Amino acid sequence: SSGINAEYGGTKHTHAAILNTAAEYLRKEEAALDSLETEITRLNSLIAQTKDQITAQQAQIPENGISSACYGSSIVETQYSQFLEQQVSLNPLMKLYSSMLEPLFLSFNSMVDNTSLDSFCKTAHQWFAQNCSLTKLRELATTLITSPNLEFEGAGG
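Quick look at the structure:
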């Protein structure tokens, strides 16, 4: 009879231990869930702030896009010239590379329309198809390499 009580007592103890472990597990899971909910709230707040910032920035863009005149092309050209001068002093072949790129930049600026994303994509694709095929680039490189107007000093000269 004492064996039966010990067995029942042991069973009761085992059930209590299981229930205690389950309750502890549930407390940990609830704490983890609370932590995740807090993180979700924080991230949703961050997303809302970012959307507000994007909206504020978009509100500053004119309806018809930004004209290339707003970019201050003379400033860009000045900076590019300074950059090129510095790079040619380091690598004289940069003069050749820039001679290839300059007509591409000019044609890009004259052909590509940036008044809307759709027109930009359409005109940029057209420009790329017309100016950047392997054949066109090879013609450009050959013309520049054989041009008597291309002058650059060798390294160290």
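When the letters of the sequence shown are read in order and numbered with the numbering used here, they come out as residues 6 to 162.
Ideal Cβ placement from N, Cα and C applies to all residues, glycine included.
Bear in mind that the values here come from a model prediction, so they are computed numbers and not experimental data.
Compute the Euclidean distance between the alpha carbons of residue i and residue j, then round it to the nearest angstrom.
i	j	result
Asp57	Tyr30	40 Å
Asn119	Leu149	29 Å
Leu178	Gln62	As displayed, the chain neither begins before 6 nor continues past 162, which places residue 178 out of reach and without an answer.
Thr151	Leu101	11 Å
Thr147	Ser138	14 Å
Asn25	Ala37	18 Å
Gln54	Arg47	11 Å
Gln84	Ser115	20 Å
Ser121	Ala134	20 Å
Ser50	Lys127	37 Å
Met105	Ile66	33 Å
His20	Ala28	12 Å
Taking Cβ to Cβ, would you say residue i is nearer than 8 Å to residue j?
i	j	result
Met99	Leu89	yes
Nearest by alpha-carbon distance to residue i: which of the options is it?
i	options	result
Leu145	Ser94, Ile80, Ser112, Ala28	Ser112
Glu107	Asn136, Gln131, Leu38	Asn136
Glu163	Ser103, Lys33, Ile66	Because the chain spans 6 through 162 in this model, residue 163 falls outside it and cannot be assessed.
Does the Cβ of residue i lie closer than 7 Å to at least one heavy atom of the ligand MG?
i	result
Cys126	Of ligands this structure carries none, so the ligand MG is not represented either.
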